[in-house]
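Here's the structure, in C-alpha cells; my notes come after.
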Amino acid sequence: MGNRLASLGLVGILAFAGAGNIACTSSFIPFKEMKTALRDVETKQYVALFEGLQPCSGYRMKKIAKGLNELGVVSCATSGNPAAHMPLIRKAHKFRQRVSIGGFSLGEVDARSLTKLCEDEGIKMYKVFLIDGVDLGTVHGSVEEVIDICGRQFYVFGRVGRYNEKDLDDKSAVIKHYDVDGSHLDIPENARNIIFSEILYGENRPRESDNQHINSKPPSCDAFLNPHP
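According to the working numbering, the sequence shown is numbered sequentially starting from 832.
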C-alpha cells in the first residue's frame, strides 16, 4: 500500500506541475473518428486503449492507437470512460472481429472495468494489455491472453507484483509477462512493438506459462510508424 500511495502521490505532483503545458487525451471518442471506426470494425479487429492519469500521461496511448490504425487495426484511446468504447466493441463482436483492451498506469483500472462490461454482454476478448499499472485487480470475463507489461527498473512508479491466475476470472487464459526498459512514462513507447506484434502476430508466438518471462524481441514495426526517418 505504501508503494502504491507513493506512486499516486508522485503522479499527482507531476500532473499538477505539468498541467499548463502537457496535452491530454479526451475522455470521449470524437464523432468523426467514431463514425469511421464503426464502419471499419465490420472488417477489422478493434483495440480499446486507456491513458494513465492526465495530464502527465498526455497522448502516449493515443500514439499507440494511431500506430495500430496505420497497421490496419481499428483502435481508439480515451482517458477513462470505458463505456465510450462499447459501441465499437459491440459492432466488432457482431461482425466476428477480435476485441482487445489495453490500459497504461491508472488506465489499467479502466481496462479492467471494460472487461467487466464485455463480460456483462457475453463478449469474449482476444487480448488484454496491462501496462505498468499501480495496482493489481481482477480481469473479468472470457479472454484468450493477458499481456502483463512492466518496467524492468522499478522506480517509485509502477506496479508491485505480477498478474497470475488468481487475478483472472477465466482460468484458461494464457498470461504473458514482458519486462521493458525505461522509466514509467517511457513504458508505452518502449513497449509499442510488443503491443503491435501481439495484436498482429500473437497467435503465432509461443505460449508461455504464467510464471515465465518472454525475453525474445518481437518483430519491429518501426518501418510503418517512421517511413521517413
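The beta carbon of each residue, even a glycine, is placed where N, CA and C say it ideally should be. For clarity, every value in this text was computed on a predicted model and none was experimentally measured.
Beta-carbon separation (whole angstroms), residue i vs residue j, contact threshold 8 Å
i	j	result
Val1005	Glu975	7 Å
Met892	Gly938	7 Å
Gln885	Thr856	7 Å
Tyr994	Leu1031	No, Tyr994 and Leu1031 are not in contact; Cβ-Cβ is about 22 Å, not under 8 Å.
Residue from the options with nearest C-alpha to residue i
i	options	result
Arg983	Arg1023, Lys866, Ile1018	Ile1018
Lys1002	Tyr1032, Thr969, Glu1020	Thr969
Leu869	Leu919, Glu901, Pro861, Glu882	Leu919
Asn912	Asp1000, Val904, Gly934	Gly934
Val872	Gln885, Ser910, Arg929, Glu882	Arg929
Arg927	Phe881, Tyr994, Gln876, Phe1027	Gln876
Glu952	Leu961, Arg921, Pro861	Arg921
Contact under 7 Å by Cβ, residue i with residue j
i	j	result
Lys947	His971	yes
Lys958	Ile978	yes
Ser906	Ala915	no
Ser973	Lys997	no
Ser944	Gly964	no
Phe881	Asp966	no
Ile1026	Tyr1009	no
Collapsed DSSP secondary structure at residue i in the structure displayed
i	result
Cys981	strand
Leu961	strand
His971	coil
Leu1056	For Leu1056, the pLDDT reaches just 41, beneath the cut-off of 50, and the residue's location in the model is therefore unreliable, although a value from the coordinates is still provided. Correct three-state label for Leu1056: helix.
Leu999	strand
Glu952	coil
Glu976	strand
Thr909	strand
Asp1012	coil
Phe926	coil
Ile860	coil
Ser944	helix
Gly938	helix
Residue i CB to nearest heavy atom of the ligand COA below 6 Å
i	result
Ser910	Among the ligands in the structure shown, none appear at all, so the ligand COA cannot be discussed.
Note to self: My parser needs the alpha helix (DSSP H) runs of 4 or more residues fully inside the segment 862 to 912; what are they?
What the structure shows: 862 to 871, 891 to 901
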